[in-house]
Structure formats: structure tokens, C-alpha cells
Amino acid sequence: MMFMSDPRLLRALKTLSKIKRVYLVLSSKGGVGKSTIATLIAFYASSRGVPSGLLDLDFVNPSTHVILGLRVEDIKYIEEKGVIPHRIGLLSYFTIVAYTRDLPLALSGENARNALRELLSIVNWDNLELLLIDTPPGISDEQLELIYALRGVIKPLLITTPSRLAWHSVSKLIELLRGAGYEELYLVENMGNGELRYLVEKQGVKYLGYVPYIKQIEDSIGDLNKLLQLNVRANIDELVSKLLV
Ligand SMILES: Nc1ncnc2c1ncn2[C@@H]1O[C@H](COP(=O)(O)OP(=O)(O)OP(=O)(O)O)[C@@H](O)[C@H]1O
Ligand SMILES: [Mg+2]
22 MMFMSDPRLL RALKTLSKIK RVYLVLSSKG GVGKSTIATL IAFYASSRGV PSGLLDLDFV
82 NPSTHVILGL RVEDIKYIEE KGVIPHRIGL LSYFTIVAYT RDLPLALSGE NARNALRELL
142 SIVNWDNLEL LLIDTPPGIS DEQLELIYAL RGVIKPLLIT TPSRLAWHSV SKLIELLRGA
202 GYEELYLVEN MGNGELRYLV EKQGVKYLGY VPYIKQIEDS IGDLNKLLQL NVRANIDELV
262 SKLLV
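Per our numbering, the very first residue in the sequence shown carries number 22; after that it's consecutive.
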């Protein structure tokens, strides 16, 4: 395909193929907890001694740095043979915000595409076991490009709530991903209690588990110690174990 002639995408493929497990976190609806779940999975995995990474590619509403309690100016990364991500213990972290700090407005079209290509190719993820990539809600052309270009090195991790509307829209996303050649799809039910398992498995998608709704999350945003003590820790630890298989 045309876009594969972009050397940045080829470099991105090479960089990501060195990481054992790369999950592209997707949802067709907004606000279902992509950023929260992606951040908690990567952070909990790192706190269990697994070298993990979190890359925020949400060019619409980047928010993982807020969950981790980082101010943009605190996000340190070293430019040396590419960019070395910010480190929090064993968590390697990079966000589109660090890259676009001068551009407070949401990126769109060609700018978003360039930023995504650039970030995927320049960040130097050293020896990670697990990388979670957070994305904006829905499927934009920019995301579609990644879905097609990075097939083979990324696994889609869908997040949805049990609401019927969310499920309706995630079903279409499943179809789209299948059409793009993805056979292995993973799904986490957020703010639910397992009611989606049957429907998800019927679609041939791997149901990894659920995370119940808890008010405590809101008070823990930005505080790493509180995040480590969430009531849903056991649920998310189970997701981590399944993602590491
Ligand atoms: N299990 C949960 N229990 C309670 N609140 C939650 C849970 N998961 C996420 N939230 C809250 O729901 C809101 C949306 O979460 P989040 O920003 O992670 O969703 P998102 O899918 O990344 O949104 P966007 O589509 O805008 O990127 C946040 O306020 C978050 O704190
Ligand atoms: Mg988000």
C-alpha cells in the first residue's frame, strides 16, 4: 500500500516488532475507560516487575499523563538515537503531549497522521515485555492507517461498557478489524460485572474480563499510591496476567 513507502512506518514496524506484546487500545465509543484501563494495566504490570510501556497517541484528548499525575513539563525524555521515554520505575511512558506541547489545539488530518507516524518511529522502547497504546475514541482515518500498517505487530484490545449502545458500536468495530485481517481480538468490559462475556465469546473475541464501576477511581486520578490500592486491582491484575500469556 502507498503509505508503507513512508520510512517512518517501516521504522515503527521494526521498533514495535522487538516488543513481545503490543496492544492497541481501541473503542468505538468515547469515555468507556480506554485511558484508565490502559494506564492501570501498564502501571500494575510494571509494579509487578514486568518492564512495561504506555504510549498515549490520543491526539484528540490525551489524558494518561493526568492519570499518572504528571505535568507536561515534568515529562522528561532524552533524545538519543530516537527518544528515550520517561520512566516511572519499570514503566516507560511517552505521550503525544510531550511532542505537541506547543500546539494546544487538537491535531487533525495530516498533522495527526504525521505525529502518529513520527511518534511510533522515534520512541526507543528498550526491551519491553508489554506495550499499551492509548488512542482516541472511534476510528479516524489516522487510526485506520495504523490498523492497516501495523498489522502483524499489534493486537487490538477493545474496551467497552456493557451498555447495549456501546456493544452495538463495538460489534461494528469488531467487523472492521476482521475486515482488516485481524483474527485475534481481545476485549475488556469496563464498568460492568461480566454481563458481556457470552456475547463477546459468541463473536469469537477473547474476553479478558471485567472491571466494575468504582467511585474510588475518580479520587485516585493523579496519585500513584492511591492507584496502586484501587479496589479493582485484583480485576486488573488478572487482565495483566492474561495479556502476558
Ligand atoms: N471502572 C471504572 N469505575 C469508575 N469510573 C471509571 C472506571 N473506568 C473509567 N472511569 C472514569 O470514566 C471516565 C472516562 O474514562 P477514560 O477517560 O479512561 O475513558 P476513555 O475511553 O479513555 O475516554 P476518551 O474516549 O475520551 O479517550 C473517567 O472519568 C474515569 O475516571
Ligand atoms: Mg482516553
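Think of the CB as a built atom: it goes at the ideal place given N, C-alpha and C, for glycine as much as any other residue.
Per DSSP, ASP27 lies in no beta strand (DSSP E) and is assigned neither H nor E. GLY70 and ILE257 have their alpha carbons spaced roughly 15 Å apart. Of the residues assessed, ARG122 falls on the exposed side of the cut-off, its CB having fewer than 16 other CB atoms within 10 angstroms. Taking 8 Å as the cut-off, the beta carbon of LEU260 is found closer than this to the beta carbon of ILE62. Here SER113 carries a strand assignment [DSSP, helix/strand/coil]. At a threshold of 7 Å, SER56 counts as near ligand 2, since its beta carbon sits closer than that to one of the ligand's heavy atoms. Between the beta-carbon of TYR228 and that of LEU208 there is about 6 Å, and that keeps the pair under the 8 Å contact cut.
Counting of Cβ neighbours within 10 angstroms places LYS50 among the buried residues, the total reaching 16 or more. Looking at the backbone, the Cα of PRO183 and that of LYS223 are separated by about 15 Å. Under the three-state reduction of DSSP, GLU150 is assigned to coil, being neither helix nor strand.
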